[in-house]
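J.: Sharing a structure with you now.
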Amino acid sequence: MNIVETKDVNFYYGDFHALKGVSLDVVKNSVTAFIGPSGCGKSTFLRLLNRMNDLIPDMKLTGKCLINGKDIYDKRVDVDELRKKVGMVFQKPNPFPKTIFENIAYGLRVNGIKDKEFIRNRVEESLKGAALWEEVKDKLSRSAYDLSGGQQQRLCIARALAVKPDILLMDEPASALDPISTSKIEELIFTLKAEYTIVIVTHNMQQAARVSDSTGFFMLGELIEFSETRKMFLNPSKEQTQNYITGRFG
Amino acid sequence: MRKLVEKIVEKILAISGAMTTIVIMLVVIFLFKEGFGLFNSPVIEKGYALCVNEVNPVEHIGSAAIKKIYNQHIENWSEIGGLNEKIIPFRYDDVFQHYKEEEFGENYEKLPEKLGEVIAGSPGILAFIPEEYLPKNVKGVKILDGNTINPNDFFLGVEWIPTSTPAPQFGVLPLILGTLWVSLVAILIATPLGMGVAIYLSELAQGKVRDILKPAIELLAGIPSVVYGFFGLVVLVPLVQKTFSLSVGETAFTGSVILAIMALPTIITVAEDAMRSTPRAMREASLALGATHWQTIYKVVIPYAASGISAAVVLGIGRAIGETMVALMVTGNAAIIPKTLFSPVRTIPATIAAELGEAPHGGVHYQALFVLGCVLFLITLVISITAELISKRQHNKGL
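Line by line, the protein sequences give chains A and B. Each residue of the first sequence is one higher than the one before, starting from 212 at the first, in the numbering used here. Each residue of the second sequence is one higher than the one before, starting from 5 at the first, in the numbering used here.
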């Protein structure tokens with residue numbers, strides 16, 4: 212079942228044509244990776260899915276972008292509601308300057324949840340979900356900045372999980388982390404797949420090969436190839452893809 | 005050759021830096037030096053001295069007490085730490101009621117002696133005598149020559165009447181309270197307004213509006229304060245008087261409103277900069293969790309910018325406290341301890357500006373004004389240091 216469907220999406224930053232006729236579908240409870248050289252539009256595409264690009268002045272979009280069968284760019288769509296359903300983890304860990312507990316509880320509090328018991332349970336559940344609970348359970352009231360970079364990133368994942376999204380967008384979530392933290396994040400992605408649909412942008416082709424079910428290769432704003440990951444890396448159908456994954460450019 | 009020029013330029017810059025620092029230090033030293041003598045100056049007018057009977061244990065009489073004695077609000081020595089004896093105020097010309105004119109000798113050379121006799125004969129006397137006729141070394145007479153202005157009388161005194169005789173009243177409490185009162189109310193008005201505008205500018209205003217509004221607000225800071233004062237005097241004073249049916253419109257409140265307007269540009273610019281410095285990642289993190297724009301503003305942006313915002317407020321206070329012209333023009337300049345918003349007050353800078361011209365150079369009044377200057381300097385110094393510490397904390401916060 213396709214949870215995300217896009218048809219002929221074009222996106223412009225002012226005059227710059229950033230995405231050119233992108234159509235792709237994302238299957239529910241799968242991991243989809245986007246790869247491609249810098250500036251190819253993969254992050255732009257990711258940020259379309261939770262309408263994060265709305266913050267950019269002078270942006271323009273054409274085409275259809277459906278999540279759960281609904282057009283998310285329809286005028287009647289409540290963007291804040293959409294973002295609760297489509298969570299996001301950013302390239303650099305960006306915890307709030309608050310305690311570990313409050314970081315996780317933030318998403319619940321802005322949704323008007325006041326029940327303390329509920330919040331406490333959800334915080335624990337989310338931290339367990341992000342494989343961070345054992346490391347922080349005794350210091351929930353410490354500042355999130357006391358954690359290491361890798362822990363902070365898992366905290367951000369836990370924060371996104373706390374509002375129970377359907378889809379989790381990850382924008383190069385491990386690019387600022389060391390190899391050990393990276394492998395922890397990758398393991399985490401693997402287990403999260405059971406409950407969430409994950410879309411991940413990465414610079415690291417090995418990472419895409421390790422964690423994803425299907426992969427899309429972007430170049431200069433076009434989706435060159437989109438297929439099952441195994442096929443993409445073993446037997447790409449386009450020459451550009453072949454060149455990129457074998458490291459001839461990029 | 006080029007090396008030489010660079011060396012020379014470097015030296016010139018170093019010298020100008022050093023010069024500036026020295027000049028600033030000299031100004032501060034001058035301020036304290038000029039005021040320093042105040043607490044060694046006698047309580048009463050120059051050229052006069054106070055004498056009491058030898059049996060009187062009182063060594064020090066503050067200026068406020070002297071005034072009360074001469075106004076007969078204090079009538080017994082026991083009220084100011086002496087014996088239970090009625091106070092008899094005595095001016096040196098009262099001596100002519102006790103003796104005949106010819107008893108003083110041809111050139112009044114016996115005047116001190118006779119004054120001494122009177123003082124020695126009256127245990128309750130408080131005599132106010134010109135220095136040239138002082139009964140020195142006369143048995144039974146005690147000259148209160150160590151009776152200098154006491155810091156307690158100065159800082160806790162409630163009357164500021166520098167021209168009062170026989171003892172000028174230098175009580176700065178009404179001036180300090182007046183200054184703080186006007187500034188406090190000004191900041192209470194300016195902070196919510198400034199915050200509102202800062203939030204609007206940093207979070208809500210679209211590019212063009214912002215591009216016009218921000219320089220316009222910064223321009224407000226450049227208007228000379230006398231113009232604000234004039235505006236206040238002509239527009240606001242009558243308005244306040246009418247609106248609140250007061251007998252005069254020159255009140256603490258009027259001053260506060262104008263000072264608030266003057267502090268606004270500082271508050272807005274500094275607070276807005278602090279809010280805009282909230283990392284994009286923080287805002288995005290909040291929005292990505294489904295928080296609304298407003299929730300993001302008050303749960304992420306404002307807490308993140310909190311120290312910058314407090315620095316803005318503190319700087320605004322500094323601006324209001326030191327402001328002279330407006331305070332002089334619209335606050336009414338009555339040196340009384342303010343009890344309501346609408347009582348006239350007199351601030352420290354306004355007092356200095358108004359009185360320094362008529363205070364004799366080096367005199368007690370002159371010194372008192374310089375001590376006031378020191379007080380103001382210390383208040384603003386504390387405020388600047390606070391602002392500095394707060395904004396430092398902000399820089400350290402980012403990890």
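Every residue gets a Cβ at the ideal spot worked out from N, C-alpha and C, and that includes glycine.
Which same chain residues, not among the five before or five after Asn264 (chain A), have their C-beta less than 6 Å away from its C-beta?
T.: What you label residue 264 (chain A) is simply residue 53 of the first sequence in a count that begins at 1. Correct list, in chain order: Arg258 and Met270.
J.: Hey, how far is the Cα of Ser254 (chain A) from the Cα of Arg280 (chain B)?
T.: If you number the first sequence from 1, residue 254 (chain A) lands on position 43. If you number the second sequence from 1, residue 280 (chain B) lands on position 276. Their Cα atoms are separated by approximately 24 Å.
J.: Just checking: is the beta-carbon of Ala209 (chain B) within a distance shorter than 8 Å of some beta-carbon in chain A?
T.: The residue given as residue 209 (chain B) occupies position 205 in the second sequence. Not closer than 8 Å to any Cβ of chain A, the Cβ of Ala209 (chain B) fails to qualify, so no.
J.: In angstroms, rounded to a whole number, what distance separates the CA positions of Leu223 (chain B) and Phe429 (chain A)?
T.: Residue 223 (chain B) sits at position 219 when you count from the first residue of the second sequence. Residue 429 (chain A) sits at position 218 when you count from the first residue of the first sequence. Approximately 49 Å between the Cα atoms of the pair.
J.: Exposed or buried, which one is Lys104 (chain B) when buried takes at least 16 other CB atoms within 10 Å?
T.: Taking the first residue of the second sequence as position 1, residue 104 (chain B) is located at position 100. Lys104 (chain B) is exposed by the Cβ-count criterion.
J.: Note down, in chain order, every chain B residue with its Cβ under 8 Å from the Cβ of Met263 (chain A).
T.: Position 52 of the first sequence, counted from the start, is the residue given in the question as residue 263 (chain A). The answer, in chain order, is Glu288, Leu291 and Ala292.
J.: With three or more C-beta pairs closer than 8 Å as the rule, is the stretch 107-117 of chain B touching the stretch 78-92 of chain B?
T.: Because the criterion of three Cβ pairs below 8 Å is not met, the stretch 78-92 of chain B and the stretch 107-117 of chain B do not touch.
J.: Below 8 Å CB to CB, which residues in the same chain sit around Arg214 (chain B) once its five sequence neighbours on both sides are set aside?
T.: Numbered from its first residue, the second sequence carries residue 214 (chain B) at position 210. Counting only Cβ-Cβ distances below 8 Å, and skipping sequence neighbours, we find Leu205.
J.: Just to confirm before moving on: does the CB-CB distance between Thr243 (chain A) and Asp424 (chain A) stay below 8 Å?
T.: Taking the first residue of the first sequence as position 1, residue 243 (chain A) is located at position 32. Taking the first residue of the first sequence as position 1, residue 424 (chain A) is located at position 213. For Thr243 (chain A) and Asp424 (chain A), yes; Cβs fall inside 8 Å.
J.: Let's test the definition: count the other Cβ atoms within 10 Å of the Cβ of Phe40 (chain B) and tell me whether it reaches 16, buried, or not, exposed.
T.: The sequence position of residue 40 (chain B) within the second sequence is 36, counting from 1. Classification for Phe40 (chain B): exposed.
J.: Any beta-carbon of chain A closer than 8 Å to the one on Thr296 (chain B)?
T.: By one-based count along the second sequence, residue 296 (chain B) stands at place 292. True, the Cβ-Cβ gap to chain A drops below 8 Å.
J.: So, with DSSP's three-state summary, where would you put Asn80 (chain B)?
T.: Counted from its first residue, the second sequence places residue 80 (chain B) at position 76. The answer is strand: DSSP assigns Asn80 (chain B) an E or B state.
J.: In the DSSP assignment, what are the bridge partners of Tyr308 (chain B)?
T.: The count along the second sequence starts at 1 and reaches residue 308 (chain B) at position 304. Tyr308 (chain B) pairs with nothing; no bridge assigned.
J.: In chain order, what are the residue ranges of uninterrupted alpha helix (DSSP H) at least 4 long that sit wholly in the stretch 336-385 of chain B?
T.: For the stretch 336-385 of chain B, whole alpha helix (DSSP H) runs of length 4 or above, ordered along the chain, are 352-359.
J.: Can a CB atom of chain B be found closer than 8 Å to the CB of Met299 (chain A)?
T.: Working through the first sequence from its first residue, we reach residue 299 (chain A) at position 88. Interface residue, yes.
J.: Any Cβ of chain A within less than 8 Å of the Cβ of Lys401 (chain B)?
T.: Numbered from 1 along the second sequence, position 397 holds the residue referred to as residue 401 (chain B). Because Lys401 (chain B) sits at a pLDDT of 49, beneath the cut-off of 50, its placement in the model cannot be relied upon, and the following sentence gives the value as read from the coordinates. It does: the Cβ of Lys401 (chain B) has a partner Cβ on chain A nearer than 8 Å.
J.: Closer than 8 Å, Cβ to Cβ, to anything on chain A: give me those residues from the stretch 303-318 of chain B, in chain order.
T.: Residues Lys303, Val304, Pro307 and Tyr308.
J.: Taking Cβ positions only, does Leu8 (chain B) come closer than 8 Å to chain A?
T.: On the second sequence, position 4 is the one that residue 8 (chain B) refers to. No, no contact with chain A.
J.: So who's on the other strand from Gly298 (chain A), going by DSSP bridges?
T.: As a first step, residue 298 (chain A) is located in the first sequence; it is residue number 87 there, counting from the start. A:Leu379, per the DSSP bridge assignment.
J.: Ignore the nearest five residues each way along the sequence and tell me which others in Ile383 (chain B)'s own chain have a CB closer than 7 Å to its CB.
T.: Counting from one through the second sequence, the residue named residue 383 (chain B) turns up at place 379. Cβ within range, chain order: Ile325.
J.: For Glu276 (chain B), is the classification buried or exposed, using 16 other Cβ atoms within 10 angstroms of its Cβ as the cut-off for buried?
T.: Stepping through the second sequence from its first residue, residue 276 (chain B) is reached at position 272. The residue is buried, with at least 16 neighbouring Cβ atoms inside 10 Å.
J.: Determine which residues share a DSSP beta bridge with Asp282 (chain A) and list them.
T.: As a working mapping, residue 282 (chain A) is identified with position 71 in the first sequence. In the DSSP output, where bridge partners are listed per residue, Asp282 (chain A) has A:Leu277.
J.: Classify Thr24 (chain B) as helix, strand or coil using the three-state DSSP reduction.
T.: Numbered from 1 along the second sequence, position 20 holds the residue referred to as residue 24 (chain B). Thr24 (chain B) falls in the helix class under three-state DSSP.
J.: From the DSSP secondary-structure annotation, give me the bridge partner or partners of Glu49 (chain B).
T.: Position 45 of the second sequence, counted from the first residue, corresponds to residue 49 (chain B). Paired residue(s): none; Glu49 (chain B) is not in a bridge.
J.: Smallest Cα separation from Leu345 (chain B): which of B:Phe257, B:Phe174, B:Phe374 and B:Leu380?
T.: For the purposes of this step, residue 345 (chain B) is taken as residue 341 along the second sequence, with counting starting at 1. If we check each option's Cα against that of Leu345 (chain B), B:Phe257 comes out closest.
J.: Taking DSSP as the reference, what is the three-state secondary structure of Ala387 (chain A)?
T.: Here residue 387 (chain A) refers to the residue found at position 176 of the first sequence. It is coil, neither helix nor strand.
J.: If we ignore side chains and look at the alpha-carbon of each, how far apart do Phe227 (chain A) and Phe301 (chain A) end up?
T.: Start at 1 with the first residue of the first sequence, and residue 227 (chain A) comes out as number 16. Start at 1 with the first residue of the first sequence, and residue 301 (chain A) comes out as number 90. So the alpha carbons of these two residues sit roughly 24 Å apart.
J.: Use the C-beta contact count for Leu77 (chain B): other C-beta atoms within 10 angstroms, 16 or more gives buried, fewer gives exposed.
T.: Taking the second sequence and counting its residues from 1, the one referred to as residue 77 (chain B) is at position 73. This sequence places His at residue 77 (chain B); Leu is not what is there. Exposed.
J.: Closest Cβ-Cβ distance between Phe329 (chain A) and chain B: below 8 Å?
T.: Here residue 329 (chain A) is taken as the residue at index 118 of the first sequence, counted from 1. By this cut-off, Phe329 (chain A) is not an interface position.
J.: For Lys303 (chain A), go through chain B and note every residue whose CB falls closer than 9 Å to its CB, in chain order.
T.: Taking the first sequence and counting its residues from 1, one reaches residue 303 (chain A) at position 92. What Lys303 (chain A) touches in chain B: Ala285.
J.: Under 7 Å Cβ to Cβ from Asp236 (chain A), same chain only, skipping five residues before and after it: list those, please.
T.: Taking the first residue of the first sequence as 1, we reach residue 236 (chain A) at position 25. Closer than 7 Å at Cβ, skipping near neighbours: Asn213, Val215 and Glu216.
J.: Measuring only between beta-carbons, confirm whether Phe307 (chain A) sits less than 8 Å from chain B.
T.: By 1-based counting over the first sequence, the position of residue 307 (chain A) is 96. Chain B contact via Cβ: present.
J.: If you draw a straight line from the alpha carbon of Thr152 (chain B) to that of Val189 (chain B), how long is it in whole angstroms?
T.: As a position in the second sequence, residue 152 (chain B) is number 148, starting the count at 1. As a position in the second sequence, residue 189 (chain B) is number 185, starting the count at 1. Roughly 36 Å separates the two Cα atoms.
J.: Determine which residues of the stretch 319-348 of chain A have a Cβ less than 7 Å from any Cβ of chain B, and write them out in chain order.
T.: So the close ones are Val321 and Asn322.
J.: Tell whether a beta-carbon distance below 8 Å holds between Val274 (chain B) and Ala220 (chain B).
T.: Translated into the one-based positions of the second sequence, residue 274 (chain B) becomes position 270. Translated into the one-based positions of the second sequence, residue 220 (chain B) becomes position 216. Cβ atoms of Val274 (chain B) and Ala220 (chain B): not closer than 8 Å.
J.: Going by DSSP in three states, Asp357 (chain A) sits in which element: helix, strand or coil?
T.: On the first sequence, residue 357 (chain A) is found 146 positions in, with the first residue counted as 1. Correct three-state label for Asp357 (chain A): helix.
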